[in-house]
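Asks:
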Amino acid sequence: MPNGRTYDILSIRADAENGGGSSMDFLKEYRKKLRSPMEAVSVIKSGDWVDYGTHSCFPYLLDKALAKRKDELRDVKVRGNLLFGPLEIVECDPEREHFIYNSWHCSAYERELCDRDLCNYIPMIFRNVVPFYRHFLD
């Protein structure tokens, strides 16, 4: 540990809140960057790609906020996998004019979306996902 001192989260927080400085200013930095879901999705433009992540990391609040922007956006493409739903962006736009959902690996819910023509399956082998992003994806 720095300076031979043992840190726990409470002492780090206390140091940061009391101006304890140095590298312990992460709370201050975090608070400076913290945004509401609506603020976070406000940077998304028509035609953008958005990655939702995977199963338990599903951005529930961001999905709801993005769905509220439906009438402002067109052709926003979203990637995810093993999401258990419901996806607000999909359910609010069955014509797929505003949001197009794509899954790397379908959960039961995503298979149902595929059956309803509301999800595209992206065939890939998981070990290749990093090269996909590096070489082929926007």
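For the sequence shown, the numbering used here assigns the number 1400 to the initial residue and increments by one for each residue that follows. Beta carbons are placed, not taken as given, at the ideal position from N, Cα and C, and that holds for glycine. For clarity, every value in this text was computed on a predicted model and none was experimentally measured.
When you compare the CB positions of Leu1482 and His1454, do they come within less than 8 Å of one another, or not?
Replies: Sequence index remark: in the sequence shown, residue 1482 carries index 83 (1-based). Sequence index remark: in the sequence shown, residue 1454 carries index 55 (1-based). Yes, the pair counts as a contact, with Cβ atoms nearer than the cut-off.
Asks: Can you name the residues that DSSP bridges to Phe1525?
Replies: Walking along the sequence shown from the start, residue 1525 turns up at place 126. Partner(s): none; Phe1525 has no beta bridge.
Asks: For the region 1466-1482 against the region 1441-1458, are there 3 or more C-beta pairs whose distance is under 8 Å?
Replies: The region 1466-1482 is in contact with the region 1441-1458.
Asks: Please report how far the alpha carbon of Gly1479 lies from the alpha carbon of Pro1458, in whole angstroms.
Replies: For the purposes of this step, residue 1479 is identified with residue 80 of the sequence shown, where counting begins at 1. For the purposes of this step, residue 1458 is identified with residue 59 of the sequence shown, where counting begins at 1. Their Cα atoms are separated by approximately 10 Å.
Asks: Would you list, in sequence order, the uninterrupted alpha helix (DSSP H) runs of no fewer than 4 residues that lie entirely inside the region 1432-1520?
Replies: The region 1432-1520 contains these whole alpha helix (DSSP H) runs: 1436-1440, 1459-1467, 1487-1490 and 1507-1514.
Asks: Have a look at Cys1518 and Cys1491 and give me their C-alpha separation to the nearest angstrom.
Replies: Looking up residue 1518 in the sequence shown gives position 119. Looking up residue 1491 in the sequence shown gives position 92. Using only the alpha carbons, I get a separation of about 13 Å.
Asks: Just verifying my parser: in three-state terms, what is the DSSP assignment at Leu1536?
Replies: As a position in the sequence shown, residue 1536 is number 137, starting the count at 1. Reduced to three states, the DSSP call for Leu1536 is coil.
Asks: Rounded to whole angstroms, what's the CA-CA distance from Leu1512 to Asp1462? Just pull it up for me.
Replies: Against the sequence shown, residue 1512 aligns to sequence position 113. Against the sequence shown, residue 1462 aligns to sequence position 63. If I take the Cα positions, the gap works out to 16 Å.
Asks: Use the C-beta contact count for Val1529: other C-beta atoms within 10 angstroms, 16 or more gives buried, fewer gives exposed.
Replies: As a first step, residue 1529 is located in the sequence shown; it is residue number 130 there, counting from the start. Exposed.
Asks: For my contact list, Ile1521 and Asn1501 are in at a C-beta cut-off of 8 Å; report their separation, rounded to the angstrom.
Replies: For the purposes of this step, residue 1521 is identified with residue 122 of the sequence shown, where counting begins at 1. For the purposes of this step, residue 1501 is identified with residue 102 of the sequence shown, where counting begins at 1. Confirmed, about 5 Å.
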